[in-house]
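Quick note on this note's numbering: the sequence shown kicks off at 66 and runs consecutively.
Take a look at the structure set out below.
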Amino acid sequence: MQLKTKLTAGLIFLFLVILALGAVGIYSVHRLAADSEAVLRDNQNSVLYCGTMLESLDTRDSGFAAFERALVLQEHNVTEPGEGALTSALRAAFDSLKQHPADSTLYPRVRQLLYGISEVNERPIQRKSQVATNTAHRAILWMSLIVAALTLVALLFILNFPEAVSRPIQEQNEAKTNFIATISHELKTPLSSIKMAGRLLEDERVGALNAEQKELVGQVTDDANRLLRITGELLHLTQAETGRIQLQINLVAPSLIVETATRAVSFQAHQKSIQIVTDVQDEDYLVYADAEKSSWVLINYLTNAIRYSREDGLVTVTVQAHDQGTVGFVVRDQGPGIDAKYLPKLFDRYFRVPGNRDQTGSGLGLAISKEFIEAQGGTVGVWSEPGYGSAFSFELPGAKT
């Protein structure tokens, strides 16, 4: 089943759950309203009519008109067994009372009939009120059961649906990661061969090259180095994405990491006449680190510093212990600097600062650096201001010897 189909099915299911709850609620409220309305329409009106007639009876002659109107309404509202006979008897007694208003024996008879009609209607009122109460209780019970059942189903859906959706995504990511790793690994061998061939061609013992040929060989070598760096970054990225970063944590001297990194970039720095100055303070501190991964991060920092620095510039590497038990590595350059709005995104994958004159990078180096340092229990940071250069740093857990 495709991901789109699964998402659609999930949304339809949630819609049906909401629809079912709404339908049960509307039905229950409708039943309750119908029962309450039946109580008022069928019986309460008769009780009110009897009350009006009793009040009118007390006024004697002046109230007979009101009595007549209420009696007519009662005759059209006969709903209970026995109520019709009582209403007919009331009509006969009332007609006699109108003909003989001075006959005091007729008044008790009329009152008795009115009390009888009221009693016939009050019993159903109590019964129907109980029906309405029972309906409300049943509605609450059914609503509770349905809500509990749907909540259970929805909970199972919530627990299982994300896995069903994420599994194919995870499988696709793993396939993509494995593909990238395979391609990167396969490219390293021919690129290394190209690089080796370039070195052989540059060796004058093999044969002299003219200026144009030397330039072409240099371009080929540079391209091979750049592609090798990218394939290396892709391999490191696949390790980070799969959570399989292989670390060998040992107590390492910070000076060893600095020396390894500066030696690796010395040729690049020499090509631009850039001086690299190192300042390793607190040499009695060691760091808990993977020397190879930490050196790779520092090399990446230095490579970026050299790339964006002007010729005859200065790049400094400072190592200093901090009070919280960590050792910080800081690489500062005198490049153009970076706008503050881009700083939070610098360690994101594939992010490159817009408008940079050099867009040859893959946008992965800093992201991989962050993964490597955090995997060792450290943190990364950056400071920069346009026109004043940049400073990239990372901290690693330290120990004093």
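A virtual CB, placed ideally from N, CA and C, is assigned to each residue, including glycine.
Apart from sequence neighbours up to five positions away, the residues of its chain that approach S331 with a beta-carbon distance below 8 Å are I341, ordered along the chain. Excluding its 5 nearest sequence neighbours in each direction, V143 has C-beta neighbours in its own chain below 7 Å: G149, T152, listed in chain order.
Out of T73, P401, T444, the CA that lies nearest to the CA of G378 is found in P401. When DSSP states are grouped into helix, strand and coil, V175 belongs to the helix group. A distance of 7 Å or more separates the beta carbons of E280 and S338.
Between A456 and the set E439, D404, E187, the nearest pair of CA atoms involves D404. F412: not part of any alpha helix (DSSP H); DSSP gives it neither H nor E. For the pair A135 and T124, the CB atoms are not nearer than the 7 Å cut-off. Around L274, the same chain offers L266, V282 as residues with beta carbons nearer than 7 Å, after the five sequence neighbours per side are excluded. In the same chain as C115, and ignoring 5 residues on each side of it, the C-beta atoms closer than 6 Å to its own belong to L179, I182, S183, in chain order.
Taking each of Y415, F412, A326, R414 in turn and checking the Cα distance to I371, the smallest one comes out for A326. If you draw a straight line from the Cα of S161 to the Cα of L122, it is about 14 Å long. In the three-state reduction of the DSSP assignment, G90 falls in the helix class, which pools H, G and I. Annotation for P462: no alpha helix (DSSP H) segment contains it, though the beta strand (DSSP E) segment containing it runs 455-465. Pairwise C-beta distances place the segment 315-329 in contact with the segment 347-356, as three or more of them are shorter than 8 Å.
Contact annotation: S359 and D398 have beta-carbon atoms that are not nearer than 7 Å. A check of alpha carbon separations from Y353 across K163, A85, V392 identifies V392 as the nearest. In this structure, the beta-carbon distance from V82 to A219 falls below 7 Å. Sixteen is the threshold: since fewer than 16 other Cβ atoms of the shown chains lie within 10 Å of the Cβ of T466, the residue is exposed. Cβ atoms of I438 and V380 stay farther apart than 8 Å, at about 20 Å.
Residue pairing for T286: DSSP places it in no beta bridge. Nearest to T444 by alpha-carbon distance, out of E450, P451, K435, is K435. The Cβ neighbour count for F80, taken over all protein chains shown within 10 Å, is under 16; the residue is labelled exposed. Just measuring C-alpha positions, the residue of D355, T70, L206, L367 sitting nearest R328 is L367. Counting along the chain, no beta strand (DSSP E) covers A273, and no H or E run does either. L429 counts as buried, since no fewer than 16 other beta carbons sit within 10 angstroms of its beta carbon. Judged by DSSP secondary structure, G446 falls within the beta strand (DSSP E) whose first and last residues are 444-449. In the DSSP annotation of this structure, the continuous segment of the alpha helix (DSSP H) that includes T117 starts and ends at 110-122.
The shortest C-alpha to C-alpha distance from L316 to any of K163, E140, P462, N110 is the one to P462. By a beta-carbon distance limit of 8 Å, L86 contacts I211. Their separation comes to about 7 Å. Counting every other CB atom within 10 Å of its CB across the protein chains shown gives G454 a total of 16 or more, marking it as buried. In this structure, the beta-carbon distance from V395 to S458 falls below 7 Å.
Taking C-beta atoms as the reference points, R414 and A432 count as a pair closer than 7 Å. Annotation for Q333: the continuous alpha helix (DSSP H) segment containing it runs 331-336.
When secondary structure is reduced to three states using DSSP, R188 falls in the helix class.
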